[in-house]
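Structure record follows, encoded as structure tokens.
Protein chains: 2
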Amino acid sequence: MNPIQIFKALGQPQRYALFEDLLQVQGASCCADVIPEESACCVVDLTQRHPLAQSTISHHLQVLMDAGLVTVERRGTYRVYQVNQETWESFQRHVADTKVCGAIRRPVAVEPVLGT
Amino acid sequence: MNPIQIFKALGQPQRYALFEDLLQVQGASCCADVIPEESACCVVDLTQRHPLAQSTISHHLQVLMDAGLVTVERRGTYRVYQVNQETWESFQRHVADTKVCGAIRRPVAVEPVLGT
DNA sequence: CCTTTTCATCGATGACTGTCGATATATTAA
DNA sequence: TTAATATATCGACAGTCATCGATGAAAAGG
């Protein structure tokens with residue numbers, strides 16, 4: 001999990017939209033093997049919902065894959081993409097753990113630690 | 117708070133390093149008005165710790181400002197930069213709230229909710 | 001006023017990126 | 001084998017970006 005690579009991958013509007021789409025897909029896929037509950041997509045599905053050429057979508061998916069954000073799986077002639085939840089969750093943890101050291105900021109009163 | 121702009125701003129290694137630096141600064145600043153507890157920096161401090169021209173650092177700080185991630189304040193001839201905690205915290209919330217709909221993923225057993 | 005210091009802004013440049021159409025590849029169906 | 005479909009890859013091109021040195025602007029000190 002490389003946070004900078006993830007920031008970069010999601011810092012592009014169309015790519016962010018693709019990622020959000022993968023997070024939220026619920027409808028049917030054109031690939032019959034994909035059930036709605038899977039929250040998965042094939043490339044054709046994405047080309048129908050995003051104003052991009054198929055090759056561009058493949059490219060963006062590759063970038064998301066390189067960042068570890070999505071996984072692929074072959075099903076017949078289709079490739080089924082899904083969010084890689086492990087990576088996403090560790091990224092979430094990373095962001096949550098990133099906070100200001102030092103604590104004292106802004107016009108905040110400085111209180112001594114009790115019991116010292 | 118525009119998440120895509122924040123992703124983009126932090127998706128660049130040098131800029132990410134500057135942001136991390138601002139999050140964690142604890143030592144003294146060359147600007148005497150800055151106390152270590154503030155977790156703040158002036159541009160000179162950053163030029164000493166990062167292998168970039170001063171103009172490049174100013175540029176990256178501007179990008180971080182445009183994303184709302186940092187704030188500036190004049191103190192004499194210095195400009196003191198600090199992480200904007202409000203923006204960062206709402207970004208943290210945004211990331212934490214971004215999760216897969218649909219729930220069913222991977223070869224995970226589907227357990228019925230108890231008590232229904 | 002003049003000088004010094006800090007920092008932003010400008011202009012240039014090489015590198016990277018998003019996008020497309022065209023093509024190649026792989027799988028299934030006939 | 002041939003055809004059709006889904007998707008990756010290639011090559012090109014325009015636009016953006018990271019970086020630098022040089023310059024400008026503002027504040028402080030003499």
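Sequences listed follow chains A and B, in order. Mapping of the first sequence onto my numbering: residues 1 to 116, in sequence order. Mapping of the second sequence onto my numbering: residues 117 to 232, in sequence order. For each residue, glycine too, the CB sits at the ideal point set by N, CA and C. Small disclaimer: the values here were computed from a predicted structure and weren't measured.
For residue i, tell me which candidate among the options has the shortest Cα-Cα distance.
| i | options | result |
| --- | --- | --- |
| Thr87 (chain A) | A:Leu69, A:Tyr81 and A:Pro36 | A:Leu69 |
| Glu136 (chain B) | B:Thr193, B:Ala212, B:Leu180 and B:Tyr194 | B:Leu180 |
| Arg15 (chain A) | A:Leu61, A:Gln26, A:Val80 and A:Val83 | A:Leu61 |
| Tyr178 (chain A) | A:Gln12, A:Val25, A:Asn2 and A:Ile6 | Residue 178 (chain A) lies beyond the range of chain A shown here (1 to 116); nothing can be said about it. |
| Arg79 (chain A) | A:His94, A:Gln85, A:Leu52 and A:Cys30 | A:Cys30 |
| Leu23 (chain A) | A:Val83, A:Lys99 and A:Asp97 | A:Val83 |
| Val246 (chain B) | B:Ala125, B:Thr193, B:Val211 and B:Glu205 | With chain B covering only 117 through 232, there is no way to say anything about residue 246 (chain B). |
| Ala133 (chain B) | B:Val160, B:Ser155, B:Pro167 and B:Ala148 | B:Pro167 |
| Cys101 (chain A) | B:Ala156, B:Leu162 and B:Met117 | B:Ala156 |
| Val43 (chain A) | A:Thr98, A:Val72 and A:Glu89 | A:Val72 |
| Arg49 (chain A) | A:Gly27, A:Phe7 and A:Gly11 | A:Gly27 |
Using a Cβ cut-off of 7 Å, pull out every chain B residue sitting near residue i, in sequence order please.
| i | result |
| --- | --- |
| Gly11 (chain A) | Ile120, Phe123, Lys124 and Gly127 |
| Val83 (chain A) | Val216 |
| Gln92 (chain A) | Val211 and Ala212 |
For residue i, go through chain A and note every residue whose CB falls closer than 7 Å to its CB, in chain order.
| i | result |
| --- | --- |
| Val159 (chain B) | Chain A residues near Val159 (chain B): none, gap ~19 Å exceeds 7 Å. |
| Gln140 (chain B) | Cys101 |
Give the DSSP-derived three-state secondary structure of residue i in the structure shown.
| i | result |
| --- | --- |
| Ala109 (chain A) | With a pLDDT of only 38 at Ala109 (chain A), under the threshold of 50, the placement of this residue in the model should not be trusted, and no figure is reported. |
| Gln170 (chain B) | helix |
| Val141 (chain B) | coil |
| Thr47 (chain A) | helix |
| Thr214 (chain B) | coil |
| Val196 (chain B) | strand |
| Val34 (chain A) | coil |
Report the neighbours of residue i on chain B: residues whose CB is nearer than 8 Å to its CB, in chain order.
| i | result |
| --- | --- |
| Tyr78 (chain A) | Simply none; closest approach about 18 Å. |
I think residue i touches residue j, with their Cβ atoms under 8 Å apart; what is that distance to the nearest whole Å?
| i | j | result |
| --- | --- | --- |
| Phe91 (chain A) | Pro3 (chain A) | 6 Å |
| Ala96 (chain A) | Ala212 (chain B) | 6 Å |
Practice prompt. Pull out every residue of the segment 162-190 of chain B whose Cβ sits closer than 9 Å to any Cβ of chain A, in chain order.
Written response: none
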